[in-house]
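> Residue numbers (the working numbering): 13 to 65. No residue lacks a Cβ here, since even glycine has one placed at the ideal position from N, Cα and C. Okay, here's the structure, questions in a sec.
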Ligand SMILES: [Zn+2]
């Protein structure tokens, strides 16, 4: 039974390079996680702005 998106069940913004949740490796040889599959691996680059006032 097809869903309402037809044959493609993937999210529309899902990276087509994703392979089992990985997008390959960066220039340093580190694995790049697919944040669509592994949203918990999103790196927190935002700074904590509640420390110094
Ligand atoms: Zn993915």
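CB-CB under 7 Å to residue 27, same chain, minus the five flanking residues each way: which ones, in chain order?
For the purposes of this step, residue 27 is taken as the residue at position 15 of the chain shown. 35, 46, 48.
> Can you find the residues in the same chain that come closer than 6 Å, C-beta to C-beta, to residue 51, ignoring five residues on each side of it along the sequence?
Residue mapping note: residue 51 aligns to position 39 of the chain shown, counting from 1. The answer is none, since no qualifying residue turns up.
> Can you grab the Cα-Cα spacing for the pair residue 38 / residue 30, in whole Å?
Numbered from 1 along the chain shown, position 26 holds the residue referred to as residue 38. Numbered from 1 along the chain shown, position 18 holds the residue referred to as residue 30. C-alpha separation (whole angstroms): 14 Å.
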